[in-house]
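At position 205 of the sequence shown the residue is numbered 205 (UniProt numbering), and the sequence of numbers has no breaks.
Note that the Cβ used here is the ideal one computed from N, Cα and C, for glycine as well.
All values derive from a computational prediction rather than experimental measurement.
Presented below is the structure to which this report refers.
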Amino acid sequence: SEFLQHSLFVPDLILPDKVFPRQKFIDNPPKIDFQALNSMQTETLPKILDSIATIGCFQLVNYGIPVESIRSALTAAAGIFQLPPQKRTAVTRSPEKLYGFEEVHEEDEGEVSEEFVWCKAKALELAMEGIWPVGYSNFSEKMETLVAEMEKVAEKILIVFREIYQEKTGRCEKEKMEGEDGNGWACYVYKHGGNVSAEKWRSCLRYDVMKMLIGGMDYSHTLCLHICDGSSEFHVYSKKGWVSFCPHKHALVVTVGDQTQ
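Quick look at the structure:
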């Protein structure tokens with residue numbers, strides 16, 4: 001009896017601060033001109049490699065995506081987050097269903113940010129048209145237009161990465177890289193709230209960093225293009241740590257998974 005009582009007792013553990021990464025504010029990553037990638041200018045590649053090796057990302061400007069494509073997609077996306085919680089339940093993400101809304105518990109309602117994952121899955125289309133029949137087709141159409149433009153940018157970046165890899169290893173890879181066939185992508189749409197207390201913001205930020213940590217382990221090979229739309233802060237978490245910076249207003253932030261780094 002006494003042995004069981006001691007065995008079943010769970011001690012209080014105090015973890016050291018080093019377990020959770022410390023946030024570092026850095027100067028903005030270099031802005032790479034997309035047209036320089038097309039011409040493969042010799043001074044451009046070292047900038048990309050150094051930025052990836054240092055913080056795991058770089059900024060891309062002059063990438064050719066029409067501002068109207070971005071604006072119209074963002075405007076259409078606003079309607080997604082106006083759907084009431086009871087309707088969102090039908091399109092909540094799960095291990096078997098990787099698209100839709102993030103699960104929100106009652107105590108989490110009114111959080112700092114909301115998240116919706118969009119892809120071209122037929123099941124998502126049917127589910128969303130059931131709860132948002134008026135606006136979903138327009139939203140999906142705008143997203144498809146934007147994704148088509150972003151895929152062109154991503155394909156060029158992948159070509160550059162392949163050429164760098166071949167140059168470093170002397171190997172010629174003819175196989176397609178994962179995701180190049182267009183089947184390995186998804187779009188994360190975020191809505192960030194305002195008028196949030198500093199304490200709540202810090203708490204939610206730490207939660208987001210934990211999600212980045214988990215996502216980085218699950219998708220360590222991924223290439224991500226982020227439209228920041230005037231965000232005041234951008235956060236990157238990789239094996240190099242947690243860094244924050246203020247992205248250029250019109251830049252795409254390109255993040256690269258640890259495996260690719």
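Comparing alpha carbon positions, the residue from Leu223, Thr54, Glu102, Met150 closest to Arg88 is Glu102.
Ile131 and Pro30 have their alpha carbons spaced roughly 43 Å apart.
Following the DSSP letters along the chain, one finds Glu233 in no alpha helix (DSSP H), marked with neither H nor E. No residue range can be given for Gly257, since it is assigned to no beta strand (DSSP E) and is classified by DSSP as neither H nor E. Spatial neighbours of Ser113 in its own chain (CB-CB distance under 6 Å, excluding positions within 5 residues in sequence) are listed in chain order as Tyr190, His192.
For Phe34, the enclosing alpha helix (DSSP H) starts and ends at 34-39. Within its own chain, the residues whose Cβ lies closer than 8 Å to the Cβ of Glu144, once the five positions on either side in sequence are excluded, are Lys120, listed in chain order. The continuous stretches of alpha helix (DSSP H) do not include Gln23, which lies in the beta strand (DSSP E) extending over residues 23-25. Per DSSP, Glu129 is one residue of the alpha helix (DSSP H) stretching across 122-131. The beta carbon of Val256 sits closer than 7 Å to those of Ile52, Gly56, Cys57, Leu223, all from its chain and outside the five residues before and after it, given in chain order. Nearest neighbour of Ile32 by Cα position, chosen from Glu96, Leu49, Ala186, Met128, turns out to be Leu49. Of all alpha-carbon atoms in Lys249, Ile26, Tyr63, Gly79, the one lying nearest the alpha-carbon of Glu129 is that of Gly79.
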